[in-house]
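In UniProt numbering, the protein residues as written are 1 to 87. No residue lacks a Cβ here, since even glycine has one placed at the ideal position from N, Cα and C.
What follows is the structure, encoded as structure tokens:
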């Protein structure tokens, strides 16, 4: 699947790992990871863009999904596949 997925993450983040695993199980081959633990300016930019402080912060196409809990809730509601297909 060639959908563009961006995930703000850190080196040690179990929720980032779980989000990546879920996305890969849905056929997402490539996830652009932006490490916010390497540069405080990148974390600040993430917070400005998302309004959130925690990682992961996931974008599917132009849609801000949120964190792993949000991603998982989308999947449970049966809406993740449609979002991935439309992005």
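Residue i, buried or exposed, once every other Cβ within 10 Å from all chains shown has been counted against 16
i          : result
residue 2  : exposed
residue 40 : exposed
residue 57 : buried
residue 51 : exposed
Cβ separation of residue i and residue j, assumed to be a contact under 8 Å, to the nearest whole Å
i           : j          : result
residue 35  : residue 11 : 7 Å
residue 22  : residue 70 : Actually they do not touch by this definition, with Cβ atoms about 11 Å apart.
residue 9   : residue 26 : About 18 Å separates the two Cβ atoms, so there is no contact after all.
residue 100 : residue 28 : What is shown of the chain runs 1 to 87, which leaves residue 100 out entirely.
Collapsed DSSP secondary structure at residue i in the structure displayed
i          : result
residue 49 : helix
residue 54 : coil
residue 33 : strand
residue 12 : coil
residue 28 : coil
residue 3  : coil
Rounded straight-line distance, which links the Cα of residue j to that of residue i
i          : j          : result
residue 62 : residue 84 : 11 Å
residue 86 : residue 37 : 31 Å
residue 79 : residue 73 : 9 Å
Top-ranked residue by Cα proximity to residue i, from the options
i          : options        : result
residue 24 : 66, 64, 77, 60 : 60
residue 31 : 15, 71, 7      : 7
residue 17 : 82, 68, 81, 77 : 68
residue 14 : 64, 77, 54, 42 : 54
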